[in-house]
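Asks:
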Amino acid sequence: MSTANPTVPVPLETALIGQVLDAGWTIRALRDEVSSGPIRIPTLSFLGTNGQDERALIRALDLRLDPAAPDELKDLEMRLKVFNYQRELIERLAGERLRGIVRGLHSGSIPFAAAPLGRIYYLIVEWSDDDLRSQVALHDEFDASYALRVLHQAAIALHELHQRNVAHQSVRPANVVFFGSQVKLGEFSCAVDGRKPRPDGTPLLDWTSAPPESLYQAPIDSMNGRCLIDLYQLGSLVAYLFSGTSLTTQLAQRLQPIHHWRHWTGSFAEALPYVNHAFGDALREMAAHLPEPCRDEFLAAMRELCAPDPAHRGHPHNRAGHGPQYSTERYISLFDRLATRLEQGLPRRL
Amino acid sequence: MTAFADDSTRRLIPRWRYSFSTDLTAEHTGLARRGRLQPESTPALDAAESGFLENPTLVSAAELVACGAAYQEPTRAYEAALYLLERRGEVRAAVARQAEWITGAPLDVREPHTIASGADLSSARTAAEGVIRTRRAQLELWPRDPIGWIDLARAYAVIGQVDKARRAVNAALQLAPNHRVVLRVAARFAFHSGRPDEAYARISRHPRTRSDPWLMSSELALAQIVDRSPRFCRAARAILEERSHAPGHLSELAGAAATLDLGAGKHRRARSLFRQSLEDPTENALAQVEWARKTDSSLSIPEKALEVPYSYEANYWRARRAADWNAALAGARDWLLDEPYSSRPAIFGSSIAAMALHDYPLAEEFARAGLVADSRDNSLWNNLAVALAKRDRPWEAARAFSKIEMSPESSLPRFVANATRGLIAFRLGQPEIGRRWYDEADTGAPDGEMRKLVLLHWAAEELRLAPARARQLLERTAYDEGATADPLIAQLRDGLERQLESGKSDEAVHPPPDGKPALAGPT
Chain A
1 MSTANPTVPV
11 PLETALIGQV
21 LDAGWTIRAL
31 RDEVSSGPIR
41 IPTLSFLGTN
51 GQDERALIRA
61 LDLRLDPAAP
71 DELKDLEMRL
81 KVFNYQRELI
91 ERLAGERLRG
101 IVRGLHSGSI
111 PFAAAPLGRI
121 YYLIVEWSDD
131 DLRSQVALHD
141 EFDASYALRV
151 LHQAAIALHE
161 LHQRNVAHQS
171 VRPANVVFFG
181 SQVKLGEFSC
191 AVDGRKPRPD
201 GTPLLDWTSA
211 PPESLYQAPI
221 DSMNGRCLID
231 LYQLGSLVAY
241 LFSGTSLTTQ
251 LAQRLQPIHH
261 WRHWTGSFAE
271 ALPYVNHAFG
281 DALREMAAHL
291 PEPCRDEFLA
301 AMRELCAPDP
311 AHRGHPHNRA
321 GHGPQYSTER
331 YISLFDRLAT
341 RLEQGLPRRL
Chain B
1001 MTAFADDSTR
1011 RLIPRWRYSF
1021 STDLTAEHTG
1031 LARRGRLQPE
1041 STPALDAAES
1051 GFLENPTLVS
1061 AAELVACGAA
1071 YQEPTRAYEA
1081 ALYLLERRGE
1091 VRAAVARQAE
1101 WITGAPLDVR
1111 EPHTIASGAD
1121 LSSARTAAEG
1131 VIRTRRAQLE
1141 LWPRDPIGWI
1151 DLARAYAVIG
1161 QVDKARRAVN
1171 AALQLAPNHR
1181 VVLRVAARFA
1191 FHSGRPDEAY
1201 ARISRHPRTR
1211 SDPWLMSSEL
1221 ALAQIVDRSP
1231 RFCRAARAIL
1241 EERSHAPGHL
1251 SELAGAAATL
1261 DLGAGKHRRA
1271 RSLFRQSLED
1281 PTENALAQVE
1291 WARKTDSSLS
1301 IPEKALEVPY
1311 SYEANYWRAR
1321 RAADWNAALA
1331 GARDWLLDEP
1341 YSSRPAIFGS
1351 SIAAMALHDY
1361 PLAEEFARAG
1371 LVADSRDNSL
1381 WNNLAVALAK
1391 RDRPWEAARA
1401 FSKIEMSPES
1411 SLPRFVANAT
1421 RGLIAFRLGQ
1431 PEIGRRWYDE
1441 ADTGAPDGEM
1451 RKLVLLHWAA
1461 EELRLAPARA
1471 RQLLERTAYD
1481 EGATADPLIA
1491 QLRDGLERQL
1501 ESGKSDEAVH
1511 PPPDGKPALA
1521 GPT
């Protein structure tokens, strides 16, 4: 088997600019993005436009062989399978017309001689200019009621997904995107459709936002477990919105090197006491960053949403067996209520 | 008799440090399992790194710093951290703190309660009070934190609040009933609070003990303390022979098994196991070998093993054997600061200060520091009484001595108590009564070094009043020809002989205080 890349006279990233896709979409420019998520399947992101001058995000599957892969052909096959899985999921969700989810607009493939296999496979989704990272900026002058509106809409988005038996698993600032004042969840490369298993099994989640059970490689083989990952990540957004850092990175700072997931060789159960300890310390620091009028409620929400042990995650009412453990309904109400309280300057207890 | 330190036995019972201690041993790692290693590649970190290099902004710098923390690769995020710190006014406090952490600054939320080597003995108490404050606040926010509870328990144990410590240990056990460290701490605490049977039962009955080398080593050590046959002796030997775990996981188990063999007179097997315990030793296993060298001088310690962090107790044993009393005292001090809930370093420190260095204020300081954690330790009260009597504060000494609970089960041998009574009587100016008590002590002391110590301290008191009697006593402390003298006894003996020859006592003679009631003699 050859280990050399196919010869591409012009880099694919450049060669695709100007290509006309189906449904009137044209690739206009490579998207300049700050990315830190793990690369599940390599894609190229472009800005695209159509005849009505509407913009869209075009993700083209990169099928160039990876010489570092142990088996290049199997790697290629897996990329196609995962891409298809993701495409089918986005199409299913687009058909549901969910208000909190970035909508898939089109998918397909076109012949393109310069590309491996002679075709380009792509996905077109709604374009957004901003994600939570640039919205939040990084400074302290941040409107708490605005943060609550973001959390409220993120919780709604998760509720919509969970109701449709989908776990997102990558709720992180880069994937919380803005359409004016509307917040949506995008990026479904880690998502799992409860109707069928992912071809690549359990995806590797982003280490800056993944929950402890994923970082310590505990087996997660139920939709309940996967939706509980979303719950943790929703809670981690609280930390991000009020401190500028994710809960997971705060845990990483607090764990002794031998207990950090990078070095840990034991089971998740054995690591859990150390993670719980780091979590308690992180909560102690978070308390200083939370807005005073709602501090207790926020702390309670973080305790419930981000409990390091997934068995203890979720609202107590749900954990007691009333509705799914991963339900975000109570947090939708909570974030809405707190936002209203802050916006109206109402006293702490009504 | 003067300060008392029983160093004839040592068991490998678990250490107990705060969770924020650095250089935690393999005990705190999970047992290695196949297929659980994380991938070597760091794709997200790579992407964040190139993102920042191509377009350095606050957002890309914060992303890289977050990845640096998540991947424990601070050096790769260093430039981004500096970028953020140069723009500190534009970033949030927590982001700046994360950047500082990347550059090597400790988190300010980390414990400020670490004690430096050679610190004042009272610093252990101050640190414990700080830990109690922070842990209570943290546990109020997040009570499902067994490590927080055992930190709290340790801090309470350090300041002698045993009931509160017990409640905290129980809370940790409820949350993590199968966790190795929590189980070992619970056993350590039960032993510390005078319940060795409970400590043994907790370890020996736990299902995990049959496969976990750390729990197994505790079972072996505690069985010796409660005078039982270890349940897992055979399993332990099999694990040690198979070497089915990394040497760091077997260090204490090998040391505990070696101690069993040493006690049974199986020196060859003990030596082999002690050698195994030093392949990647904990400081506890290293201390065990240093202690065992008193019995078996052929045991050697590789140079590398001496670099083990926290090896204060080992330093103590090594210096004591070499009669380097200042170094022994420094070792005892650091050991006490490391294990302030344990009375042993306080007992040894006060004994060395009193007997070898005649530094009685320091002996008092050690004894008092030990009594903070365990106000019922008879040996410490005895050593405090000795230090005070030697400082010519016999009435305070008598008050300290009155705290000793004399019962058949007392950990303080009766001959030791009688010798201390003799000392106090001498210092109260009642030598006749003092002699009767010393005589009782002489009669009750076991033959050998203990009796020699009684006689030497009696001689020290007689030196000032009746040198001829002192000489007679001193003659009885001579070693048989060819016998190896204990360095401490040799030092005491040499000192007294010099004083006898010069005709001058190091200590002043004190007349009986007027109007004070006489101390009763032995009946």
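Protein chains in written order, with this note's numbering: chain A, 1 to 350; chain B, 1001 to 1523. Glycine included, C-beta positions come from ideal geometry on N, C-alpha and C.
A/Lys420 lies in the beta strand (DSSP E); which residues open and close that run?
Replies: Chain A is shown from 1 up to 350; residue 420 of chain A falls before or after that span and cannot be answered.
Asks: Please state whether DSSP places A/Pro42 in a helix, a strand or coil.
Replies: coil
Asks: Can you give the Cα-Cα distance for A/Ala84 and B/Ala1168, rounded to whole angstroms?
Replies: What sits at residue 84 of chain A in the sequence shown is Asn, not Ala. So the two alpha carbons sit approximately 53 Å from each other.
Asks: Residues of chain B with CB closer than 7 Å to the CB of A/Leu299, please, in chain order.
Replies: Leu1141
Asks: Closest to B/Pro1309 by C-alpha separation, out of B/Arg1092, B/Pro1361, B/Ala1127 and B/Glu1283, would be which residue?
Replies: For the residues B/Arg1092, B/Pro1361, B/Ala1127 and B/Glu1283, the minimum Cα distance to B/Pro1309 belongs to B/Glu1283.
Asks: Ignore the nearest five residues each way along the sequence and tell me which others in B/Gly1444's own chain have a CB closer than 7 Å to its CB.
Replies: Arg1414, Phe1415 and Asn1418
Asks: What does the alpha-carbon distance come out to for the pair B/Asn1129 and B/Arg1136?
Replies: According to the sequence shown, residue 1129 of chain B is Glu rather than Asn. Going from the Cα of B/Glu1129 to the Cα of B/Arg1136 covers about 11 Å.
Asks: From the DSSP output, in three-state form, read off B/Glu1481 for me.
Replies: coil
Asks: What's the gap between the Cα of B/Gln1038 and the Cα of A/Asp130?
Replies: 33 Å
Asks: Measure the alpha-carbon distance for B/Ser1008 versus B/Arg1293 and round it to whole angstroms.
Replies: In this structure, the CA atom of B/Ser1008 is about 12 Å from the CA atom of B/Arg1293.
Asks: Going by DSSP, name the residue or residues bridged to A/Gly108.
Replies: A/Tyr122
Asks: Buried or exposed, going by whether 16 or more other CB atoms sit within 10 Å of the CB of B/Thr1075?
Replies: exposed
Asks: Ordered along the chain, which non-local residues of its own chain (more than five positions away) have a Cβ less than 7 Å from that of A/Ala157?
Replies: Correct list, in chain order: Gly100, Ile101, Lys184 and Leu185.
Asks: Does the CB of B/Trp1016 have a neighbour CB from chain A at under 8 Å?
Replies: no
Asks: Report, in whole angstroms, the separation of the C-beta atoms of B/Glu1219 and B/Phe1232, which I expect to be a contact under 8 Å.
Replies: 5 Å
Asks: Give the secondary structure of A/Gly48 by DSSP, where H, G and I count as helix, E and B as strand, and everything else as coil.
Replies: Three-state DSSP puts A/Gly48 in a strand.
Asks: Checking 8 Å against the spacing of the C-beta atoms, do A/Ala60 and A/Ile120 come in under that value?
Replies: yes
Asks: State the start and end residues of the unbroken beta strand (DSSP E) segment that holds A/Arg28.
Replies: Thr26 to Leu30
Asks: Less than 8 Å between the CB atoms is what I'm expecting for B/Asp1280 and B/Tyr1312, so what's the real figure, rounded?
Replies: With 8 Å as the limit, B/Asp1280 and B/Tyr1312 do not qualify as a contact, their Cβ atoms being about 19 Å apart.
Asks: Checking contacts by CB at 8 Å: is A/Asn276 closer than that to chain B?
Replies: yes
Asks: Rounded to the nearest angstrom, what separates B/Leu1337 and B/Ala1373 at their Cα positions?
Replies: Using only the alpha carbons, I get a separation of about 12 Å.
Asks: With DSSP as the reference, label A/Ala69 as helix, strand or coil.
Replies: coil
Asks: Going straight from the alpha carbon of A/Gln153 to that of A/Phe178, what length do you get?
Replies: 11 Å
Asks: If contact is defined by three or more beta carbon pairs under 8 Å, each pair taking one atom from either stretch, is the segment 1397–1411 of chain B in contact with the segment 1361–1381 of chain B?
Replies: Contact holds: three or more Cβ-Cβ distances are below 8 Å.
Asks: Rounding to the nearest angstrom, what Cα-Cα distance links B/Ala1385 and A/Thr245 in this structure?
Replies: 57 Å
Asks: Considering only the beta carbon of each residue, do B/Pro1394 and B/Ile1347 sit closer than 8 Å?
Replies: 8 Å or more divides the Cβ of B/Pro1394 from the Cβ of B/Ile1347.
Asks: What residues in its chain sit with their C-beta under 7 Å from that of B/Ala1206, if we drop five residues either side in the sequence?
Replies: Note that residue 1206 of chain B is His in the sequence shown here, rather than Ala. The residues Leu1183 and Leu1215, in chain order, have a CB closer than 7 Å to that of B/His1206 in the same chain once the five nearest residues on each side in sequence are set aside.
Asks: I'd like the list of long-range same chain contacts for B/Arg1451, defined as Cβ closer than 7 Å, with 5 residues on each side in sequence excluded.
Replies: Asp1442 and Ala1445
Asks: With DSSP run on the structure shown, which of helix, strand or coil describes A/Arg284?
Replies: helix
Asks: Mind listing which residues of the segment 1295–1315 of chain B have their C-beta closer than 8 Å to chain A's C-betas, in chain order?
Replies: none
Asks: So within the segment 1093–1146 of chain B, which uninterrupted alpha helix (DSSP H) runs reach at least 4 residues, ignoring any that extend past its ends?
Replies: 1093–1102 and 1123–1141
Asks: I'd like to check one pair, B/Val1131 with B/Asp1151: are the Cβ atoms closer than 8 Å?
Replies: yes
Asks: Based on the DSSP secondary-structure assignment, which residues constitute the bridge partners of A/Ala60?
Replies: A/Leu44 and A/Tyr122
Asks: The beta strand (DSSP E) spanning A/Leu177 covers which residue range?
Replies: The question names Leu, but residue 177 of chain A in the sequence shown is Val. That run of the beta strand (DSSP E) goes Val176 to Phe179.
Asks: Would you kindly work out how many angstroms separate the C-alpha atoms of B/Gln1098 and B/Ala1305, rounded to a whole number?
Replies: 36 Å
Asks: Identify whether B/Arg1166 lies in helix, strand or coil by the three-state DSSP scheme.
Replies: helix
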